[in-house]
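Going down the list, the protein sequences come from chains A and B.
Taking this note's numbering, the leading residue of the first sequence gets 111, the next gets one more, and so forth.
Taking this note's numbering, the leading residue of the second sequence gets 111, the next gets one more, and so forth.
Positions of the beta carbon are idealized from the N, C-alpha and C atoms, including for glycine.
Protein chains: 2
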Amino acid sequence: MAKINEVAEAAGVSISTVSYALSGKRPVSVATRLRIEKAVRELGYSPNAGARMLAGSRTQIFALTEPLRRDTHAPTHMSFVLATAVAARRNDYDILLLTEEQASAGMARVASSGLVDAILVLDVAPDDERVALARSIETPSVFIGVPDDNEGLICVDLDFDAATVLAVDRVADAGHRSIGLIGQPQVAYEKSNFPPRVRSAFERRAEERGIRHSFRVSGDSQTSAPMARTAVAELLDEGATALLVHGVDDVHTVVLAELAERGLSVPGDVSLVSVAASFDSAVLSQPIDVIPLIPEASCDLAVDLAVASLGRDRPRPGLHLIPPVYYDRGSVAPPPAPRG
Amino acid sequence: MAKINEVAEAAGVSISTVSYALSGKRPVSVATRLRIEKAVRELGYSPNAGARMLAGSRTQIFALTEPLRRDTHAPTHMSFVLATAVAARRNDYDILLLTEEQASAGMARVASSGLVDAILVLDVAPDDERVALARSIETPSVFIGVPDDNEGLICVDLDFDAATVLAVDRVADAGHRSIGLIGQPQVAYEKSNFPPRVRSAFERRAEERGIRHSFRVSGDSQTSAPMARTAVAELLDEGATALLVHGVDDVHTVVLAELAERGLSVPGDVSLVSVAASFDSAVLSQPIDVIPLIPEASCDLAVDLAVASLGRDRPRPGLHLIPPVYYDRGSVAPPPAPRG
DNA sequence: TTGAAAGCGCTACCAG
DNA sequence: CTGGTAGCGCTTTCAA
C-alpha cells in the first residue's frame with residue numbers, strides 16, 4: 111500500500127512525473143522512467159482506486175446487470191457473464207455484478223454514485239424496464255440483446271433474423287418442402303427477446319420460399335425430454351423432412367435420441383440444423399449443421415462499444431447485429447423420395 | 111450528479127452536517143435532518159463513490175473470486191454467486207466479479223489498489239493457490255469452502271462430515287448393514303474440496319458402525335446417466351440396501367429411474383438419502399430424505415464474517431461449519447427381509 | 001523533459 | 001447540535 115509520493119521520493123522525481131510515467135500521457139525520459147519503474151516494483155506500488163476515481167474521471171469498472179430469472183438457463187448465462195468479464199479485463203475494466211429483484215434500482219444506484227463508467231445489460235426482456243432507465247441516466251449503457259423498444263439504445267446481438275433465414279434457405283435449397291422448428295420453452299417467448307425473432311423469421315422466410323412450416327416449443331429443464339420428443343413426433347407426422355432446432359444442448363440430445371429410436375437417420379431421412387446454439391455442438395452424439403450464437407462475439411463487441419462510448423467519438427445508437435456464420439457438418443441432405 | 115455542497119446550500123446547513131445526517135454518525139436535530147433529506151431528494155443527490163472511498167476507509171465493495179473451471183456445475187455455481195450478491199447488498203455492499211485464469215492475479219490487484227474491503231473466495235480447491243495469497247495481503251478474505259491447508263483462514267461451509275455421519279447413522283439405525291455412496295464425478299475428488307470430505311466421513315462412520323460400505327463416482331453432465339446407472343447396479347449387486355447420493359439433480363433423477371426400471375421401490379426395497387444437495391429436491395419424481403447444502407446459509411454467513419472482519423472485534427480465523435439438518439421425507443425404512 | 005500545486009467530493013476531527 | 005477545515009491519493013493544468 112505504498113503511495114505515489116513514496117515512489118516519487120524513491121525515484122528522486124516529482125509526483126506528477128510518476129503519474130505521467132505510469133499513464134504514459136506525457137513523454138518521460140527513458141532514464142527517469144526506468145528509475146520510476148524500479149521504485150514501483152520495489153515498493154509494490156499500485157495506485158489507489160478511490161483516488162483515481164476521484165481525480166481522474168474513470169472508475170475502470172463496468173456494471174453488469176442480470177436479473178437472473180428462475181427460468182434462466184444457467185450454463186448459457188454463465189458463458190455470457192464469463193465472456194463479458196474476460197473482455198472487460200482485456201480493456202482494463204472490472205465487472206460489478208448487479209443481480210437484484212428490481213434491476214433498475216441497482217442500475218440507478220451505480221449510475222448516480224459514479225461507481226461505474228458504463229453499464230452492460232444482460233438477459234434483456236422484450237419490454238425491459240431497464241430501457242427507460244438507460245435513457246434517463248448519464249452513464250452509457252450497452253444492451254446485449256434487443257428489446258422491443260430500442261430507439262436510441264446501443265444494442266448488440268447475433269443477427270437472429272439473418273441466421274434463421276440462412277437455415278431455412280439451406281434446407282429449402284436442398285429440396286425440402288416442409289420444415290419444422292423446435293424452439294425454446296414457452297416462457298422464453300414471453301420473457302426473452304430473441305426466441306420470437308427466430309420464430310417469426312422462420313415463418314416469414316418459409317412463406318417467402320413457399321414451403322410448409324410448423325413450429326413447436328420445447329420444455330424447460332424438467333420437461334424438456336418429453337416435450338421435445340412430442341415436438342419431433344408431431345412435426346414428422348405433419349410431413350416435415352427437415353428440422354431446425356433452436357434450443358439448449360439437452361433439447362438437441364433428445365431430438366437426436368428420438369430420431370434414432372424411430373430408426374431415422376440424419377441426414378438420410380431427416381435433415382437437421384441447429385440455429386443460434388450457444389453451447390459447443392461437439393458434445394452431441396453426431397455432427398449437426400449449426401449457426402452458432404457465440405457469447406464471446408457479442409460480449410467482446412459490447413465491451414468495445416462500452417469503451418468507445420467513453421471516448422472522443424462515441425458510437426451512434428442503434429443495433430449492432432453480428433452476421434451469422436453457417437457451419438456445415440453434413441446434417442443436411444435432399445429429402446428422401448416420398449414412399450408410395 | 112449533485113454534490114454534497116449543493117445539498118448543504120439548499121438545506122442551509124454546513125457540508126459536515128449533511129454528511130453526518132446521511133451517515134447517522136452524529137446526532138442531527140429532526141428539523142435539519144428533514145430539510146437535508148428534502149434537499150437530497152429534490153437534487154437527486156447520491157454521494158460520489160470515489161470520494162467516499164478516498165475520504166472514508168470503506169469502498170463498500172467485496173470481491174468475489176471464482177475461477178470457473180470447465181467442469182463447474184453451472185446451476186449450483188450460480189446459486190452461490192446469487193446468494194452472495196444478495197447477502198452483500200443486504201449489507202450495503204456490491205460485488206466485484208473476479209474470474210480469471212490465474213485467480214490470484216485479480217485478487218492481488220484489487221487488494222493492492224484498495225478497490226475492495228474484503229474478498230470472498232468461491233470454488234475452493236483442496237490445494238488452492240489463493241490460500242497463500244490470502245495470507246500475504248492486508249485485505250481480509252473469507253473462503254466459502256475449506257482448502258486442505260486452512261491454517262489462519264476464515265472458512266465457511268456446511269459441516270459435510272457431520273452431514274454424512276447423520277445420513278449413515280440414519281440408515282444404520284433403520285437396520286441397514288450394507289450401504290452405498292454414489293458420489294460426484296471423478297474430477298471433483300481432485301479439484302474440489304468437499305467431495306473427499308463426504309467420502310471419507312462415509313467410510314469412517316460406516317466402519318465405526320460396523321456396516322459394509324461401498325463407494326462409486328458418478329459421471330459429468332455428458333456421462334452422468336450411464337455412470338450413475340452403473341453405480342446403482344454395482345452397489346445393489348454388492349448387497350447394498352441403502353444408498354446415499356451426493357450429486358446434482360440429474361444424478362438423483364437417474365438413480366430414481368434406474369431403481370424404478372428394476373422394479374425396486376423406495377423405501378420398500380431400497381432406502382435413499384440425499385447428502386449435501388444444493389438444488390430443490392422437490393423437483394424429483396418422488397420425495398427423498400435430504401440433508402441439504404443451502405447456498406444462502408453459507409453465503410450469508412460468509413458475508414457476515416467479511417463485514418465483521420472490517421469492524422472492531424474481527425472474527426478469529428478458523429472453520430465456521432454450518433450444522434447439517436436432516437429432512438425426513440420418508441425415503442428411509444428398514445431393509446427388506448433377505449429372500450431365501 | 002520536469003515540477004508545483006490546485007482541485008476531485010467526501011469523511012471526520014477539532015471547535016464552539 | 002452545528003460549522004470549519006484538513007486531509008484522503010491521485011490527475012492534470014500551468015509554469016519553467
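| Item | Value |
| --- | --- |
| Quick check on the burial criterion: 16 or more other C-beta atoms within 10 angstroms. Buried or exposed for residue 125 of chain B? | exposed |
| Any chance you could list the beta strand (DSSP E) runs of at least 3 consecutive residues sitting entirely within the region 127-195 of chain A, in chain order? | 171-175 |
| In the DSSP output, what is residue 355 of chain A paired with across the bridge? | A:292 and A:384 |
| Please state whether DSSP places residue 94 of chain B in a helix, a strand or coil. | Residue 94 of chain B lies beyond the stretch modelled for chain B, which goes from 111 to 450, so this question has no answer here. |
| Answer with buried or exposed for residue 290 of chain B, where buried requires no fewer than 16 other C-beta atoms within 10 angstroms of its C-beta. | buried |
| Three or more beta-carbon pairs under 8 Å between the region 315-323 of chain A and the region 249-263 of chain A, yes or no? | no |
| What does a CB cutoff of less than 6 Å around residue 370 of chain A pick up in its chain, not counting 5 residues either side in sequence? | none |
| Can you tell me whether DSSP reads residue 281 of chain B as helix, strand or coil? | helix |
| What three-state label does DSSP hand residue 199 of chain B in the structure shown? | helix |
| By the 9 Å beta-carbon criterion, what residues does the region 150-165 of chain A contribute toward chain B? | 154, 155, 156, 157, 158, 159, 160, 161, 162, 163, 164 and 165 |
| Is DSSP giving residue 362 of chain B helix, strand or coil here? | helix |
| For residue 379 of chain A, I'd like the list of residues in its chain whose CB is within less than 7 Å of its CB, leaving aside the five on either flank, ordered along the chain. | 446 |
| Shorter than 8 Å from the beta carbon of residue 88 of chain B to some beta carbon of chain A? | Given a span of 111 to 450 for chain B in the structure shown, any question on residue 88 of chain B remains unanswerable. |
| Going by beta carbon distance, what residues of the same chain come within less than 7 Å of residue 450 of chain B, once the five residues before and after it are set aside? | Its pLDDT being 44, under 50, residue 450 of chain B is placed unreliably in this model, and the value from its coordinates should be taken loosely. So the list is empty, once near-sequence residues are dropped. |
| Could you pull the DSSP bridge partners for residue 207 of chain B from this structure? | A:205 and B:174 |
| Leaving aside the five residues before and after residue 496 of chain A along the sequence, list all residues of the same chain whose C-beta is less than 7 Å from its C-beta, in chain order. | Residue 496 of chain A is absent from the structure shown; chain A starts at 111 and stops at 450. |
| Looking at C-alpha atoms only, which residue of B:135, B:390 and B:414 is the closest neighbour of residue 180 of chain A? | B:390 |
| In this structure, how does DSSP classify residue 117 of chain B when only helix, strand and coil are distinguished? | helix |
| Can you pull the chain A neighbours of residue 185 of chain B, defined as C-beta to C-beta under 7 Å? | 184 |
| Could you check how far apart the C-beta atoms of residue 268 of chain B and residue 386 of chain B are, in whole angstroms? I think they sit under 8 Å. | 6 Å |
| Could you check which residue in A:141, A:237 and A:218 has the C-alpha nearest to that of residue 55 of chain A? | The requested residue 55 of chain A does not occur in the structure, where chain A is confined to residues 111 to 450. |
| Look up residue 419 of chain A in the DSSP assignment and say whether it is helix, strand or coil. | coil |
| Along the region 202-213 of chain B, what residues have a CB closer than 7 Å to any CB found in chain A? | 204, 205, 206, 207, 209 and 210 |
| Could you give the distance in angstroms between the alpha-carbon of residue 443 of chain B and the alpha-carbon of residue 188 of chain A? | 40 Å |
| According to DSSP, simplified to helix, strand and coil, what is residue 369 of chain B? | helix |
| Determine the contact status of residue 329 of chain A and residue 343 of chain A, defining contact as a CB-CB distance below 8 Å. | no |
| Anything in chain B within Cβ reach of residue 248 of chain A, meaning under 9 Å, just list it in chain order. | 111 |
| Inspect the CB distances between the region 425-444 of chain B and the region 296-313 of chain B and report whether three or more fall short of 8 Å. | no |
| Which of helix, strand or coil does DSSP assign to residue 345 of chain B? | helix |
| Distance, Cα to Cα, residue 352 of chain B vs residue 236 of chain A? | 49 Å |
| Straight-line CA distance for residue 355 of chain B to residue 182 of chain B? | 19 Å |
| Using the C-alpha atoms, what's the distance from residue 423 of chain B back to residue 306 of chain B? | 34 Å |
| Kindly indicate which residue of A:272, A:426 and A:175 has the alpha-carbon position closest to the one of residue 238 of chain A. | A:175 |
| Using DSSP bridges, identify the partner residues of residue 328 of chain A. | A:295 |
| Quick one: residues in its chain with C-beta nearer than 6 Å to the C-beta of residue 213 of chain B, no 5 flanking neighbours on either side, listed in chain order? | 175, 177 and 240 |
| Closest Cβ-Cβ distance between residue 142 of chain B and chain A: below 8 Å? | no |
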